[in-house]
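Just below is one structure, and these are the notes that go with it.
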Amino acid sequence: MKTVKKIKLIFVILIISFVVFQSSHAQSSQTSARSRWFREARVGMIIHWGLYSIPAGIWNGKQIPYYGEWIKDRASISNADYSKLATQFNPEKFNADEWIKMASDAGMKYFCFVTKHHDGFCLWDTKENNDWNVIDATPFKRDIVKELGDACRKKGMIYALYYSTGLDWHYPSTNWKAYKPYYFGQLKELLTNYGKIGYLWFDGEWTPQWNDSEAVELYNYVRALDPDIITNNPKKKSSSTYGDFGLDEENYSPPDSALRSGLWERDRLVQFNTWGYKSWAKWKKSVDLIRDMIDAASLSMNFCINIGPMADGSFPPEAKAILKDFGGWLKVNGEAIYNTTGNVKNMKINCEGRITKSELANSIWYVHVFNWPTNDSSVTITTYEPITNVTVLDPRISIKKPVIKRNDGVTTIMIYKPKTSNSIATVIKLQSKNSK
Ligand code: FHN
Numbered sequence: 379m380k381t382v383k384k385i386k387l388i389f390v391i392l393i394i395s396f397v398v399f400q401s402s403h404a405q406s407s408q409t410s411a412r413s414r415w416f417r418e419a420r421v422g423m424i425i426h427w428g429l430y431s432i433p434a435g436i437w438n439g440k441q442i443p444y445y446g447e448w449i450k451d452r453a454s455i456s457n458a459d460y461s462k463l464a465t466q467f468n469p470e471k472f473n474a475d476e477w478i479k480m481a482s483d484a485g486m487k488y489f490c491f492v493t494k495h496h497d498g499f500c501l502w503d504t505k506e507n508n509d510w511n512v513i514d515a516t517p518f519k520r521d522i523v524k525e526l527g528d529a530c531r532k533k534g535m536i537y538a539l540y541y542s543t544g545l546d547w548h549y550p551s552t553n554w555k556a557y558k559p560y561y562f563g564q565l566k567e568l569l570t571n572y573g574k575i576g577y578l579w580f581d582g583e584w585t586p587q588w589n590d591s592e593a594v595e596l597y598n599y600v601r602a603l604d605p606d607i608i609t610n611n612p613k614k615k616s617s618s619t620y621g622d623f624g625l626d627e628e629n630y631s632p633p634d635s636a637l638r639s640g641l642w643e644r645d646r647l648v649q650f651n652t653w654g655y656k657s658w659a660k661w662k663k664s665v666d667l668i669r670d671m672i673d674a675a676s677l678s679m680n681f682c683i684n685i686g687p688m689a690d691g692s693f694p695p696e697a698k699a700i701l702k703d704f705g706g707w708l709k710v711n712g713e714a715i716y717n718t719t720g721n722v723k724n725m726k727i728n729c730e731g732r733i734t735k736s737e738l739a740n741s742i743w744y745v746h747v748f749n750w751p752t753n754d755s756s757v758t759i760t761t762y763e764p765i766t767n768v769t770v771l772d773p774r775i776s777i778k779k780p781v782i783k784r785n786d787g788v789t790t791i792m793i794y795k796p797k798t799s800n801s802i803a804t805v806i807k808l809q810s811k812n813s814k
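Each residue of the sequence shown is one higher than the one before, starting from 379 at the first, in my numbering.
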């Protein structure tokens, strides 16, 4: 190749590389600006509530296994019988402000509502159908998506929406030609009539008609409607990484390697094996759920707790008790969860617990002690960081002066077990000289 040609070629390659770099850099910084609220918030709530909350896991006197929101499918309920539930949907205890207050008191920073689950029933005033939504088909006739959005904004809570994209049993998503304009129209309503939406969560995308190009088209469509929005991966059960964050859903966890990069939300149920309320399902323990949240934070993941309200619009008492425990723990220890990051590699502890690191200040770490060691009663922390200051976040817990030693660039901190500790997790805050 002649020298002039070579120079031209190198020049073209340089220009192309520059353009590619610029656009990918712009994309990633834009993504990080869009997702900032998500990374800072760390903790949210999702609500599964609809016609399926009326049978609450029981059909014709029988307990129906699997998720309560799948009862139509699992109990093989005909369309005619399922439609009758709409005429009974009249949740006289529903109060959007109360729901959002409960979420906020529990320490949640965002609130996601299931606008349409796989039964296709719409909990807002959709104009895309006139027979399968809360206004036209129920005696309740109130736009629940709107009421919850208004309540979120009053309380400074970020509002997020779930929509079953790929699976709809009522306007069958198997008839893709007719269904696609229907669901695109509905997403437009949800993203343009209900104020700012933090994220959109897609679901039901494992159906055969759903493929990669649908996922990309959907993502681009949604971003064109709201350039600031973030979404989960519209093909969450594949290894593709479209969208802005992945889901570590209960009963479906991504492979560990997938957890190493990108944004993730861990979603956990308060009742075993159901998202929608089931009158007979067992309840989880607060301690396990709160530790699950701490574990998520220690992996730089968000944690989203699922609540299935009852048909009358109230939260089950067991769910309220769990939320109260979240609120109590986060009120005192929230500093160790909100605005933190995880994957702290340069610090080790000799007990069952987790570590998070502040994103707001330099050189601040939080050690969450689940169980104090039984053989020797002190927690030992080893790190290369020059830690000088050790405190407990909970002012009701007092510790003896910790022993801090520094040898050959390694700091060893010994903290004796306090007389009283937190049965969920006691949080120890570590600061170095460089802390700001
Ligand atoms: O089938 C649904 C299920 O009912 C529930 O809505 C969860 C929430 O993420 N998503 C699906 C299962 O992956």
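Each residue gets a CB set at the ideal place from its N, CA and C atoms; glycine is no exception.
Just so we're clear, the structure is a prediction, and the values are computed from it rather than from any experiment.
- Secondary structure within the segment 490-557: the alpha helix (DSSP H) runs of 4 or more consecutive residues, fully enclosed, are 512-515, 522-533 (chain order).
- Val421 places its beta carbon less than 8 Å from that of Phe681.
- Here the alpha carbons of Tyr541 and Tyr620 stand approximately 17 Å from one another.
- A straight line joining the alpha-carbon of Asp606 with that of Asn571 spans about 16 Å.
- Gly686 and Gly654 have their C-alpha atoms roughly 4 Å apart.
- Those residues whose C-beta sits under 7 Å from the nearest heavy atom of ligand 1 are, from N- to C-terminal order along the chain, His426, Tyr445, Glu447, Trp448, Val492, His495, His496, Asp581, Gly582, Leu625, Glu627, Tyr630, Asp645, Trp653.
- In the three-state reduction of the DSSP assignment, Lys807 falls in the strand class.
- Excluding five sequence positions before and after Thr758, the CB atoms of its chain that fall closer than 6 Å to its own CB belong to Asn728, Met792, given in chain order.
- Excluding residues up to 5 positions away in sequence, Ile432 lie with their Cβ nearer than 7 Å to the Cβ of Gln466 in the same chain.
- By DSSP's assignment, Leu578 forms a beta bridge with Leu539, Thr609.
- According to the DSSP secondary-structure assignment, Lys726 is paired through a beta bridge with Thr760.
- The beta carbon of Ala529 sits closer than 6 Å to the beta carbons of Ala474, Asp475, Ile478 from its chain, once the five residues preceding and following it are set aside; these are given in chain order.
- Counting other Cβ atoms within 10 Å of its Cβ, Tyr460 reaches 16 or more and is therefore classed as buried.
- DSSP, reduced to helix, strand and coil, places Arg732 within a strand of the structure shown.
- Secondary structure note for Asp645: its beta strand (DSSP E) is the uninterrupted segment 641-647.
- Exposed is the label assigned to Leu738, since fewer than 16 other Cβ atoms lie within 10 Å of its Cβ.
- Between Tyr597 and Pro612, the gap from beta carbon to beta carbon is short of 8 Å.
- For Met679, there is no enclosing alpha helix (DSSP H), since its DSSP letter is neither H nor E.
- With a beta-carbon spacing of about 6 Å, Val745 and Ile733 fall inside the 8 Å limit used to define contacts.
- Scanning its chain for C-beta atoms nearer than 6 Å, with the 5 sequence neighbours on each side dropped, one finds around Ala674 the residues Arg644, Phe681, in chain order.
- When the five nearest sequence neighbours on each side are left out, the beta carbons in the same chain lying within less than 6 Å of the beta carbon of Pro517 are those of Asn468, in order along the chain.
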